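To start, the structure under review is shown below, and the notes come after it.
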Amino acid sequence: MKKSRAKDIVKRWMFPTEKKSYMGGIEDRPILARSKGQTVTDIEEKKYLDFQSGQMGAALGHQHPRILDCITKTVETMLHSSNVMLNVPRLRLHERLGMLMPASLQRSLFLVSGSDSIEGAIDLARKDTGG
-4 MKKSRAKDIV KRWMFPTEKK SYMGGIEDRP ILARSKGQTV TDIEEKKYLD
46 FQSGQMGAAL GHQHPRILDC ITKTVETMLH SSNVMLNVPR LRLHERLGML
96 MPASLQRSLF LVSGSDSIEG AIDLARKDTG G
């Protein structure tokens, strides 16, 4: 994407950011176009070490072969499943976690969000300790 096209999109379709806010001035920062390994490249072909992608699999490097294999396998088998039904990948993860954990922690429960998980952990701790 050309810089002029990006600026047109920003001007027409984005709310302007407050310059002093967390994401303030994002419209004036480099615009990333590609990633590979630990490097991201902007639309002007300038390369940066990626120290900002702590989320998801990027901490392992962009396009890491093991991550790509998992993504490909997932897309070819089952990309999404509701939490109200079991699925084979989830059952395999329950089993794998159970085999890795000590006996008192072998059971697992996957919830929807972080707040659900915290609430579930508190409930389990109360049930286990009686308090």
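Those letters in the sequence shown? Residues -4 to 126, by the numbering used here.
Where is the CB? At the ideal position from N, CA and C, for every residue including glycine.
Just so you know, these numbers come straight off a predicted model, no measurement behind them.
Backbone CA spacing between residue i and residue j [nearest angstrom]
i	j	result
Met73	Ile66	10 Å
Gly109	Asn82	21 Å
Gln47	Leu27	12 Å
Ser77	Ala116	21 Å
Asp23	Lys41	15 Å
Val107	Asp118	16 Å
Trp8	Thr36	24 Å
Met96	Lys14	47 Å
Val70	Ser16	37 Å
Sequence-distant residues of its chain with Cβ nearer than 7 Å to residue i (five each side left out)
i	result
Leu44	Gln33, Thr34
Gly20	Thr12, Lys14
Boundaries (first-last residue) of the beta strand (DSSP E) holding residue i
i	result
Arg102	Neither: Arg102 is in no beta strand (DSSP E) and is coded neither H nor E.
Lys41	Premise fails: Lys41 is in no beta strand (DSSP E) and is neither H nor E.
Asp45	Segment: none, Asp45 is in no beta strand (DSSP E) and carries neither H nor E.
Range covered by the alpha helix (DSSP H) that runs through residue i
i	result
Val70	60 to 72
Arg24	No alpha helix (DSSP H) holds Arg24; DSSP gives it neither H nor E.
Thr12	Per DSSP, Thr12 belongs to no alpha helix (DSSP H) and is neither H nor E.
Leu81	Where Leu81 is concerned, there is no enclosing alpha helix (DSSP H), given that its DSSP letter is neither H nor E.
Lys122	109 to 124
Neighbourhood of residue i by C-beta, 6 Å cutoff - its chain only, sequence neighbours within 5 removed
i	result
Ser30	His57
Rounded Cβ spacing between residue i and residue j (contact assumed at less than 8 Å)
i	j	result
Ala1	Ile62	Not quite, the Cβ-Cβ distance comes to about 28 Å (not below 8 Å), so this is no contact.
Close-in-space but distant-in-sequence residues of the same chain around residue i (CB under 8 Å, 5 per side omitted)
i	result
Met18	Thr12
Gly93	Gln101, Arg102, Ser103
Exercise for the section: Could you tell me whether the segment 100 to 120 touches the segment 71 to 90, using the rule of 3 or more Cβ pairs below 8 Å? Expected result: Using a C-beta cut-off of 8 Å, the segment 100 to 120 makes contact with the segment 71 to 90, since at least three inter-stretch Cβ pairs fall below that distance.
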